[in-house]
Every structure is written in C-alpha cells, then in structure tokens.
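So in the numbering used here the end of the sequence shown lands on 973, straight run, no missing numbers. Built from N, CA and C at the ideal position, the CB exists for glycine as well.
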Amino acid sequence: MTLTGIKKHLRVLEAAELVTTEKVGRVRHCRLGPSRLDRETTWIEEYRQMLEARLDRLVEGLRQRTPVVARQAARVAAGAFAKLLLREFGTEIASHTIQIGHLRLDHPANWEEILAACADLDSPLRCVDRKLQEKMMAEVDAALKAGDTVGGVFEIVVHNVPVGLGSHAQWDEKLDGKLAQALMSVQAVKAVEIGSGILAAGSYGSEVQDEISYDKGAKKFRRSTNRAGGLEGGISNGEDLLIRGFLKPISTLRRGLVTADMVTKEPVQAAYERSDWCVVPAGGVAGEAMVALVLADAFLQKFGGDSLAEMRRNFEGYGKQIDNF
Ligand SMILES: Cc1cc2nc3c(=O)[nH]c(=O)nc-3n(C[C@H](O)[C@H](O)[C@H](O)COP(=O)(O)O)c2cc1C
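Here you go:
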C-alpha cells in the first residue's frame with residue numbers, strides 16, 4: 649500500500665474514533681482504541697441472544713405448520729429486524745383485535761391499553777376490553793363447534809412516527825398506498841382501512857376532518873383528532889398511524905363446502921386435513937411485520953446512509969430542522 653493510501657485509511661479510522669494519532673517530532677504514533685466499539689458490541693450481543701431464542705421458537709413452529717403459516721412466519725421474522733431498526737428511532741408498532749365475527753370494540757383504544765393487551769399473555773385475542781374479549785372467545789369456540797370459521801378486524805398502531813415519511817409527488821411513493829398493498833398481501837385480508845376511512849365515506853367533511861393547531865412546547869403541528877390515521881396526502885403527519893386489516897373467515901371449513909372434482913368436474917364435498925378457524929390475532933402479527941418492513945424502507949429513503957450512525961445523524965438533523973420551522 650502507498651503512503652498516501654495508508655494516510656487515507658488512518659484518517660477514516662480517526663474519524664470513526666477507532667485510532668488516535670499523536671505526532672512527536674517527525675514521528676506519528678498511532679494507537680488502536682477498540683473501546684469505541686463497546687456500545688455496538690453490547691447492542692449486537694443483546695439482540696443476538698434475543699433473536700436466537702426467537703428463531704429457535706420460529707423453527708419449532710414451522711416444523712408443525714402449513715405452507716401458508718410458514719410464509720407468514722418468514723415475514724414475521726423479517727419484520728422483526730425492521731422493527732429493531734425503527735425502535736432505534738423511537739418508533740414502535742403493536743396490533744390488537746377490534747372485531748371477531750359480529751362483535752366489535754365500540755371505542756378507540758389508546759397506545760397504553762394496546763401495549764397492556766399485548767403484554768398480557770392471558771389475552772389470547774389481544775383485545776383491550778376484557779369483557780368483550782370473553783364474548784369474542786365464545787364466538788370463536790362456537791365457530792369451532794359448528795365446524796365453521798370466523799373472520800374479523802385487527803388494528804395496527806404505529807407510535808411515535810416522524811412527520812414527513814412518504815411522498816405525495818408520485819402515485820407509487822404514497823405511504824398509505826404502500827401500507828395498503830403490504831397489508832393486502834397478508835393471506836385472507838380482504839380490505840384495509842386507514843384511520844376512520846370507512847366512516848368518513850358516509851359523513852360530511854366537517855364531521856371527519858382533523859383540525860390543526862401548533863403546540864409551541866413540543867414545537868409540533870398537532871391534530872385535535874386522528875381520523876386521518878396519521879397519514880395525509882400519502883405522508884405521515886406525526887400522529888400515530890392507524891391501519892386496519894379486514895380478514896375474511898378462513899376458507900377451509902371442517903364441515904366442508906361443496907367443490908368440483910378436478911378430474912370428473914362433478915360436485916363433491918371438499919376434503920378436510922387441518923385448518924385454523926380464526927386467525928385474526930395471528931393476522932395482526934403478520935400485518936405488524938408488513939407495516940414494519942414498509943416503514944423501515946421509508947426511514948431508509950428519508951434518513952438512509954451507510955451505517956446506523958450516519959442514519960441517526962441525518963434523523964437528528966432533520967428533527968432540528970423541523971423544530972426550527
Ligand atoms: C395467520 C393465517 C393462517 C391461515 N391459516 C389457514 C388455514 O389453516 N387453512 C386455510 O385454508 N387457510 C388459511 N389461511 C389462508 C387463507 O384462508 C387463504 O389465504 C385464503 O383462503 C385465500 O384467500 P386470499 O386470496 O385472501 O389469500 C391463513 C391465513 C392467515 C393470515
């Protein structure tokens with residue numbers, strides 16, 4: 649390597665605080681300082697242990713399940729990495745069940761309630777209303793007994809989202825469009841709603857728009873309500889993202905539907921091997937992963953760089969620019 653090449657490499661290592669240089673007369677003493685990497689090493693080790701444990705559970709789950717579930721599991725695994733990236737910037741994602749069959753949660757849930765439902769291992773449907781959850785579980789049991797299946801709605805909430813992700817400029821850059829496509833790709837999801845989209849379609853503008861104010865303390869523009877679900881014009885507006893996935897009931901019924909024989913083309917009773925009968929909470933987990941992947945991509949587009957440190961610098965610079973607006 650040439651002397652100039654060595655100097656260039658040293659400058660990069662100095663900038664990364666991995667090497668310190670001291671000049672004594674005409675001699676330059678370079679000292680390696682690996683302690684700069686301690687923080688990253690600890691971070692990697694913590695996540696390595698956590699991810700190894702999760703991957704072991706995933707592999708175990710995959711051994712027992714169908715190809716549909718295996719594909720969901722692969723997305724959930726990829727989404728876990730996207731969630732880790734988002735968490736570095738304070739953005740968190742959670743999902744909860746708001747409808748099973750004809751039973752629906754009749755009030756909006758706040759972030760703390762959703763986190764509590766997610767943390768509660770005795771809450772199999774992750775519904776924030778315990779009494780309603782009991783009724784929902786009875787509905788699921790009734791479907792099982794009748795050899796039937798039942799659908800429902802999960803809601804994904806993304807908390808602490810920076811303003812300005814996505815774009816209004818190109819149809820395929822709109823963040824709401826990307827999220828809808830990603831959620832529709834989850835098996836059995838037949839509709840996606842952002843904010844109060846469905847209600848809004850049957851209302852007057854004065855009833856469903858969010859009024860804007862400026863919070864001087866937080867240096868943020870706020871909405872008095874969040875009917876837009878945190879997305880306006882294809883761009884995040886700083887409020888929580890609210891996205892709902894509507895799941896049809898699973899098509900494989902234990903009591904079997906009428907179908908056509910592939911060879912004789914005659915009507916026959918569909919065969920039954922095994923099947924889920926309500927996948928709403930599982931659909932929510934798959935949905936979280938899809939939302940995480942789309943958002944991680946949007947973060948990379950806006951704040952990207954060659955390293956997390958560079959991305960963090962861009963993110964913080966952007967935050968200062970927004971504060972000074
Ligand atoms: C978490 C999850 C689990 C599923 N498990 C089953 C199942 O056990 N049996 C089945 O027939 N379909 C299962 N499905 C898939 C849907 O029934 C299937 O995708 C659908 O019938 C095809 O419709 P689509 O075009 O909406 O995907 C599952 C879907 C999800 C999200």
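| task | Identify which residue in R696, L651 and L734 has its Cα closest to the Cα of F963. | result | As a first step, residue 963 is located in the sequence shown; it is residue number 315 there, counting from the start. Selected option, being the one with the closest Cα: L734.
| query | Out of curiosity, what's the CA-to-CA distance linking E958 and S851? | reply | The residue labelled residue 958 in the question sits at position 310 within the sequence shown. The residue labelled residue 851 in the question sits at position 203 within the sequence shown. About 45 angstroms.
| said: Based on DSSP bridge pairs, tell me the residues matched to K671. | reply: Here residue 671 refers to the residue found at position 23 when the sequence shown is read from its first residue. In DSSP, K671 forms a bridge with R676.
| task | Return the CA-CA distance between L827 and K655, expressed in angstroms with no decimal places. | result | As a first step, residue 827 must be located in the sequence shown, where it is residue number 179. As a first step, residue 655 must be located in the sequence shown, where it is residue number 7. Going from the Cα of L827 to the Cα of K655 covers about 47 angstroms.
| Should V942 be labelled buried (16 or more other beta-carbon atoms within 10 Å of its own) or exposed? | Locating residue 942 in the sequence shown gives position 294, counting from the first residue. Classification of V942: buried, given that the 10 Å Cβ count is 16 or more.
| query | Alpha carbon to alpha carbon, how far is R960 from F737? | reply | Here residue 960 refers to the residue found at position 312 when the sequence shown is read from its first residue. Here residue 737 refers to the residue found at position 89 when the sequence shown is read from its first residue. Computed Cα separation, rounded: 8 angstroms.
| task | With DSSP as the reference, please indicate the residues paired to S861 in a beta bridge. | result | On the sequence shown, residue 861 is found 213 positions in, with the first residue counted as 1. Answer by DSSP bridge pairing, in chain order: R870.
| task | State the beta-bridge partners of H744 as determined by DSSP. | result | Your numbering for residue 744 matches position 96 in the sequence shown. DSSP, once it has assigned bridges, lists E803 as partnering H744.
| message | Could you compute how far the alpha carbon of L889 sits from the alpha carbon of W691? | response | As a working note, residue 889 is residue 241 in the sequence shown. As a working note, residue 691 is residue 43 in the sequence shown. Between L889 and W691, the C-alpha separation is close to 28 angstroms.
| task | Quick one: measure Cβ to Cβ for G932 and V837, integer angstroms, because I've assumed they're closer than 8 angstroms. | result | As a position in the sequence shown, residue 932 is number 284, starting the count at 1. As a position in the sequence shown, residue 837 is number 189, starting the count at 1. In fact, because the Cβ distance is near 10 angstroms, the residues do not count as touching under 8 angstroms.
| query | Which one or two residues does DSSP pair with I842 in a beta bridge? | reply | The count along the sequence shown starts at 1 and reaches residue 842 at position 194. Paired residue(s): I891.
| message | I'd like to confirm the pairing. Which residues does DSSP put opposite G814 in its beta bridges? | response | The residue given as residue 814 occupies position 166 in the sequence shown. Per DSSP, I883.
| said: With three or more C-beta pairs closer than 8 angstroms as the rule, is the stretch 766–785 touching the stretch 868–881? | reply: no
| Do V707 and A937 come within 8 angstroms of each other at the CB atom, strictly closer than that value? | Along the sequence shown, read from residue 1 onward, the residue named residue 937 stands at position 289. Along the sequence shown, read from residue 1 onward, the residue named residue 707 stands at position 59. No; because the gap between Cβ atoms is not below 8 angstroms, this pair is not in contact.
| query | Going by beta carbon distance, what residues of the same chain come within less than 7 angstroms of A934, once the five residues before and after it are set aside? | reply | One-based indexing of the sequence shown puts residue 934 at position 286. Result list for A934: Q720, R723, V724 and V834, in chain order.
| query | How big is the Cα-Cα spacing for I748 and A726? | reply | Locating residue 748 in the sequence shown gives position 100, where the first residue counts as 1. Locating residue 726 in the sequence shown gives position 78, where the first residue counts as 1. The alpha-carbon atoms of I748 and A726 are separated by roughly 27 angstroms.
| query | Going by Cα to Cα distance, which pick from G681, R903, C926 and T650 is closest to E665? | reply | For the purposes of this step, residue 665 is taken as residue 17 along the sequence shown, with counting starting at 1. For E665, the nearest C-alpha among the options comes from G681.
| What residues match up with A626 in a beta bridge as DSSP calls it? | Absent from the structure is residue 626, since the part of the chain shown begins at 649 and ends at 973.
| Residue nearest to L948 in terms of C-alpha spacing, selected from R702, L813, Q917 and D924 | Reading the sequence shown from its first residue, position 300 is the one you call residue 948. Considering only alpha carbons, the answer is L813.
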